[in-house]
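Written below as structure tokens is the structure these notes are about.
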Amino acid sequence: MRCFQACHAFCPWPTSLASSRSSPKVTFQDQADVRAEPEKEPDEEEEAPVSVKDRLLQRLTRMNTQDLLQKIRRNISSFSVIDSEDLSWDWEDISTEPDIAFAVMELKEFVAEWQEAATDKFWQRKSHKVVLAVVCCARDDGSLVAMRGMNTEVSLPSGSLCAERAGIARAATEFFHANTIKVIAVIDPSGDIAPLWPCEVCQSWLSKLRDQSPRITVVAFPAKENDFERVVVRRNGKDVRPPTSVSARSSLKQVVEIAR
Numbered sequence: 103m104r105c106f107q108a109c110h111a112f113c114p115w116p117t118s119l120a121s122s123r124s125s126p127k128v129t130f131q132d133q134a135d136v137r138a139e140p141e142k143e144p145d146e147e148e149e150a151p152v153s154v155k156d157r158l159l160q161r162l163t164r165m166n167t168q169d170l171l172q173k174i175r176r177n178i179s180s181f182s183v184i185d186s187e188d189l190s191w192d193w194e195d196i197s198t199e200p201d202i203a204f205a206v207m208e209l210k211e212f213v214a215e216w217q218e219a220a221t222d223k224f225w226q227r228k229s230h231k232v233v234l235a236v237v238c239c240a241r242d243d244g245s246l247v248a249m250r251g252m253n254t255e256v257s258l259p260s261g262s263l264c265a266e267r268a269g270i271a272r273a274a275t276e277f278f279h280a281n282t283i284k285v286i287a288v289i290d291p292s293g294d295i296a297p298l299w300p301c302e303v304c305q306s307w308l309s310k311l312r313d314q315s316p317r318i319t320v321v322a323f324p325a326k327e328n329d330f331e332r333v334v335v336r337r338n339g340k341d342v343r344p345p346t347s348v349s350a351r352s353s354l355k356q357v358v359e360i361a362r
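When we follow this note's numbering, the leftmost residue of the sequence shown carries the number 103, and every step to the right adds one.
So, in structure tokens, the structure goes:
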């Protein structure tokens, strides 16, 4: 006994080992659970109260982000599929819709007169870019009349007026009702922008006018030389396919190329 006590005095039994024998076993699963859920130290930044100013800035940031996304969606929706597919109308297509044919001929005459006239550059003194348009309205007897419009830029931005809105304003001045507007044709006579579509402000006007005249058609010209032989057409902001089959036209073009 004395020998055992002496050995115990020099080599004491580890208290940790003794306690482990008395405590229940810890399985590998328990260890895994303990490792998977470590204690989370308090985060001073998370616990700090958010000031009214910070909440306001966060809300404004979210609003700006949503506004930016809406603008991106609008820009994407305004892209035309003409870049990937030929949706231009030739005269065979144009002749199927007399309103469009009338607008094209009236704008062609307008451009010819503008080229011959001694125009005043003051009206485009900001951008030096001329845009011409005709707004075609229907009389009570069904005949059509064209209201000409040219962009003016006396003072930007509040004093500018696009060609399309100038034509619409003239139609209103001539006592035409909004529901008589059938076609709006617009062109850059220099050919720099082809096709040239209405700007965002003009599109806003058109969206209101469609409540009165749902089938308002916008006509633009894809050829930079402005030959008036082909047009592209939109209704409600969407490209309108030509009456003739685009696939049939493409197939015919391939046959002609093979024959050559």
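Don't be surprised by glycine CBs; every beta carbon is placed ideally from N, CA and C.
- Query: With distances taken from CA atoms, which of Gly269, Lys326 and Asp195 is nearest Pro300?
  - Reply: Gly269
- Message: Taking 8 angstroms as the cut-off, is the beta-carbon of Gln305 closer than that to any non-hydrogen atom of the ligand PLP?
- Response: As for the ligand PLP, it is missing from this structure, which has no ligand bound.
- Message: Restricting to Cα atoms, I'd like to know which of Lys310, Ser292, Thr346 and Val342 is closest to Ala214.
- Response: Ser292
- Query: Where does Glu255 sit, in a helix, a strand or coil, going by DSSP?
  - Reply: strand
- Message: Helix, strand or coil, according to DSSP, for Asp242 in the structure here?
- Response: coil
- Apart from the five residues on each side of it in sequence, which residues of its chain come closer than 7 angstroms, Cβ to Cβ, to Ile196? Ile202, Ala203, Val206 and Val333
- Message: Tell me the residue span of the alpha helix (DSSP H) that contains Ala280.
- Response: Neither: Ala280 is in no alpha helix (DSSP H) and is coded neither H nor E.
- Query: Is Gln219 buried or exposed, if buried means 16 or more other CB atoms sit within 10 Å of its CB?
  - Reply: The sequence shown places Ala at residue 219, rather than the Gln named in the question. Around the beta-carbon of Ala219, fewer than 16 other beta-carbon atoms lie within 10 Å, marking it exposed.
- Task: Classify Gly251 as buried or exposed, calling it buried when 16 or more other Cβ atoms lie within 10 Å of its own Cβ.
- Result: Within 10 angstroms of the beta-carbon of Gly251 lie 16 or more other beta-carbons, which makes it buried.
- Message: Distance check for Val154 and Leu189, CA to CA, integer angstroms please.
- Response: 54 angstroms
- Have a look at the DSSP bridge pairing and note the partners of Ala220. Note: Ala220 sits in no beta bridge, so no partner.
- Query: Which residues bound the beta strand (DSSP E) around Ala322?
  - Reply: Thr319 to Ala322
- Nearest residue (CA-CA) to Glu71, options Cys239, Val233, Arg272 and Asn338: Here the chain comprises residues numbered 103 to 362, so residue 71 is not present and cannot be evaluated.
- Item | Beta-carbon proximity list for Ser229, same chain, < 7 angstroms, skipping 5 on both sides | Glu255
- Taking the alpha helix (DSSP H) that Arg312 falls in, what are its first and last residues? Element bounds for Arg312: n/a, residue is neither H nor E.
- Since Arg336 is in the alpha helix (DSSP H), which residue starts that stretch and which ends it? Segment Val334 to Arg337 is the beta strand (DSSP E) holding Arg336; no alpha helix (DSSP H) there.
- Message: Quick check on this structure: which residue in Cys239, Asp192 and Lys223 has the alpha carbon closest to the alpha carbon of Glu331?
- Response: Asp192
- Cα-Cα separation, Cys238 to Ser257: Our two residues, Cys238 and Ser257, have alpha carbons roughly 28 angstroms apart in a direct line.
- Item | Start-to-end residues for the alpha helix (DSSP H) that takes in Asp195 | Trp193 to Ile196
- Message: I believe Val247 touches Leu209 by the beta-carbon criterion, under 8 angstroms. Please report the beta-carbon distance rounded to the nearest angstrom.
- Response: Actually they are not in contact, since the Cβ atoms of Val247 and Leu209 sit about 14 angstroms apart, beyond 8 angstroms.
- Establish whether the CB of Ala235 and some CB of chain C are separated by less than 9 angstroms. Going by chain labels, chain C is absent from the structure shown, which holds only one protein chain.
- Query: Hey, out of Ala322, Gly244 and Ser262, whose CA is closest to Gln226's CA?
  - Reply: Ser262
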